[in-house]
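Quick note: the sequence shown uses numbering that gives the first Met the number 0, first residue 0, plus one each step.
Backbone N, C-alpha and C fix where the C-beta goes; we use that ideal spot for every residue, glycine too.
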Amino acid sequence: MTPSANELPASEENFAEMLEESFGATDRLEGTVISGAVVAIENDVAVIDVGLKSEGRVPMKEFSDRGSAAELKIGDTVEVFLERMENAQGEAVLSREKARREESWTELEKSFTDGDRVTGMIFGRVKGGFTVDLSGAVAFLPGSQVDVRPVRDVGPLMGSEQFFQILKMDRRRGNIVVSRRAVLEETRAEARNELISNLHEGQVLEGVVKNITDYGAFVDLGGIDGLLHVTDMAWRRGNHPTDVLSIGDTVKVQVVRVNSETQRISLGMKQLESDPWDGVDTKYPVKTKFKGRVTNITDYGAFVELEPGVEGLVHVSEMSWTKKNLHPGRIVSTSQEIEVMVLDVDPTRRRISLGIKQCDDNPWASFAESHEEGTIISGEIKSITEFGLFVGLDGGVDGMVHLSDLSWEKSGEQAISEFEKGSTVKAKVLGVDVEKERISLGIKHLTEDPFASAKDFKKGAIVTCTVTEILGGGVNVTFGDAMMGFIRKSDLARDRGEQRPDRFAVGDKVDAKISTIDAASRKVTLSIKTLEIATEKEALAQYGSSDSGASLGDILGAAMKARGDQPAGDDGDAAADDGGDGDGKKKVAKKAAPKKAAAKKAEGGDDDEAAAAEEKPKKAAAKKAAPKKAAAKKTAKKADADDKPADATDSD
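Below, the structure written as structure tokens:
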């Protein structure tokens, strides 16, 4: 049985305590940094005595800095990290690299807490970034945090000490993330503020071209970048900044504008040269011709350089007298030398308007000089549009025949269908407008205007017409010297039953009265109905009276006899055969009665209110003559009774 510590002698108790204290203190050394002395250097290994029962061995490379050899000799005191008291060979396990790392972590944590910068060296490349040695501690540098702009080649930065800002630390995981970009931005911000405070507009500086874009170049002015816009590189037009500058060029620039709020600096190179636009209105007077070079072509025209830095615009409308609706690129080409005329100069807006066509004769003016109004020309139909024909003429110009100038008789839509593109036509020059570049032509003017004879006719005139066309709403007729006219269906007869266009045939001759003559629309309307009503009214006025007691049939019969017409059905002969004219008059009256009724019916319609008004005095005259007519009939009957045989019957 082993005695307890309380039972041990005093000398033995002291030894046990000392042994336990010694072993306990030694156990607490593991995982810490301790000091040791170099007692030997064997090949690439340093033997270090750290005061334990055995020495430890540390590779020499752990004592060297990145990229340099180790400077270590016997007797030097070094700090090492004790990993274990002894290994399988009974040696202490030491590490100089872990000792440095522990020292670095302590310093790095303090710098991270205070926000201070740390120094390090980029020594390797990993996925997504680089590895950085921070005095023994390995940190990760993301690729986006290397510089303020993307860096394609990091070779010049590797192996040299740089300043970094710690973004994140995790000692338990051994993770450190640093940024070089944050340090550069802070440094540049300080330099920018200092430089901007000393800058002023008009100041001339020297800088280095760092980057070139499509719109300009960035120039490093010594810690701060300024933008040199492409329009401020030279007075003359340039297609791209690379035509003037290259990366790395040292240039002299002038400060054009400084914005202290946004810290943007605008630079210019052309401002250091004299402005070629000074006195441009004197150098390039209006209506003067010059030679120039085409520098740029757009949809609306072409820019022509008259001298370096001075350009004018030739609008597409000023390129050709005859070539219309063409892209400028089909008339001129880039770098082509052409002759232009100055049309307008605006020094304030730095604009010059030029023209190409003004250097040649105006074909419209030449045509006007050689072709007076009324000249007959011939040309090829270039195009047919909805409003007329375009005819090619001498000098490359076109004339237009409007729809209304194609035919006297036909409508424009009908007449234009008879023409074909490419065919040759004759036309008469109606007018030339040089300013508007228009030539008006007429094809119908090659013949006499049939409507010109309309002045020989007046409204109400009676004419003999020839039926030319049967329509549903009436008939077309001609009269006079090929005058065209139209008789509406309601004007074909007084009697409604006779108002049928199919009663007529092409070629029939009819008498009609002119109702209207419309010179604007070139239309003449006629009426047979109005003529019939007028004829009847004239007959009543001439052959009928309130005292005669004659019927309408009597009056019409007398009028027809006066005109030499034979009454229908030879009623006159029948009356003669009966031995007297009394019965003949009765028969005429009977035959006229239906016509009177039809006429009255027609007058009651809506075709002609004037005819109805004319019938009223007739009715009044008939009523007034009724007693006299009755007495006349009674006397006639008595005379007939005396002359007739006894077996004769009264037809009345």
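Please list the terminal residues of the continuous alpha helix (DSSP H) segment that includes residue i.
i, result
"T186", "180-197"
"E368", "362-369"
"K282", "279-282"
Is it buried or exposed, residue i, if we count other Cβ atoms within 10 angstroms and call 16 or more buried?
i, result
"V38", "exposed"
"R124", "exposed"
"P240", "buried"
"L530", "buried"
"E608", "Confidence at E608 is low in this model, with a pLDDT of 44, below 50, so its placement is unreliable and the value that follows should be read with caution. By the neighbour-count rule (16 or more Cβ atoms within 10 Å), E608 is not buried but exposed."
"S178", "buried"
"F389", "buried"
"K356", "buried"
"V505", "exposed"
"V203", "exposed"
"P626", "A caution first: P626 carries a pLDDT of 47, below 50, which makes its placement in the model too unreliable to give a value."
"P655", "Lying outside 0 to 651, the shown extent of the chain, residue 655 is not represented and no answer is given."
"G300", "buried"
"R99", "buried"
"R263", "exposed"
"L445", "exposed"
"R493", "buried"
"G311", "buried"
"A138", "buried"
"I337", "buried"
"A481", "exposed"
"V57", "buried"
Report the option in the options whose CA atom is closest to the CA atom of residue i.
i, options, result
"E185", "I175, R171, S196, F163", "F163"
"R172", "Q144, W104, R502, E200", "W104"
"S439", "T446, E447, G430", "G430"
"A518", "R502, W407, S422, G473", "W407"
"I486", "G496, I469, V279", "I469"
"K522", "V476, L226, D169, N324", "V476"
"A188", "T261, A492, L402", "T261"
"R170", "T118, T333, F111, D224", "F111"
"P32", "E41, V44, T76", "It is worth fixing the name first, because residue 32 is Val in this sequence and not Pro. Nearest of E41, V44, T76 to V32, Cα basis: T76."
"K443", "E205, I375, L353, L156", "I375"
"S273", "A233, K72, F62, G128", "A233"
"S196", "S259, N174, F129, G114", "S259"
"K269", "E306, T230, V79, S245", "T230"
"A87", "V117, G55, K60", "G55"
"V285", "A364, K322, C358, K109", "C358"
"V207", "G411, D213, I223, G472", "I223"
"T333", "N238, A460, V250", "N238"
"F503", "C464, R350, M482", "C464"
"K488", "F478, S526, K458, D432", "S526"
"D397", "K323, E385, D404", "K323"
What does DSSP give as the partner residue(s) for residue i in the beta ladder?
i, result
"K290", "E338"
"L71", "According to DSSP, which records beta bridges pairwise, L71 is partnered with nothing at all."
"Q253", "V203, G267"
"I296", "A301"
"G473", "L470, R487"
"T384", "G387"
"V309", "E306"
"C464", "V509"
"F450", "DSSP, once it has assigned bridges, lists no residue as partnering F450."
"G247", "DSSP lists no partner for G247."
"D439", "Just to set this straight, residue 439 is Ser in the shown sequence, not Asp. The partner list for S439 (beta bridge, DSSP) reads M399, G430."
"S377", "K425"
"V208", "V218"
So residue i is in the beta strand (DSSP E); what residue range does that whole segment cover?
i, result
"M168", "160-169"
"G484", "482-487"
"R235", "Per DSSP, R235 belongs to no beta strand (DSSP E) and is neither H nor E."
"H326", "Element bounds for H326: n/a, residue is neither H nor E."
"P58", "55-58"
"M120", "116-125"
"R499", "Element bounds for R499: n/a, residue is neither H nor E."
"S143", "That residue, S143, is in no beta strand (DSSP E); it is neither H nor E in DSSP."
"T446", "Counting along the chain, T446 falls outside any beta strand (DSSP E), and DSSP gives it neither H nor E."
"I351", "350-354"
"F129", "128-133"
"E41", "32-41"
"G225", "224-228"
"G479", "Per DSSP, G479 belongs to no beta strand (DSSP E) and is neither H nor E."
"I47", "44-48"
Given 6 Å as the limit, tell me if residue i has its C-beta closer than that to any heavy atom belonging to the ligand MG.
i, result
"S422", "With respect to small molecules bound, the structure shown includes none, and the ligand MG cannot be examined in it."
**beta strand (DSSP E) runs wholly inside the region 395-420, at least 3 long, in chain order** = Runs of the beta strand (DSSP E) inside the region 395-420: 397-401.
**Asked** Quick one: complete beta strand (DSSP E) runs, 3+ long, within the region 80-118?
**Response** 92-94
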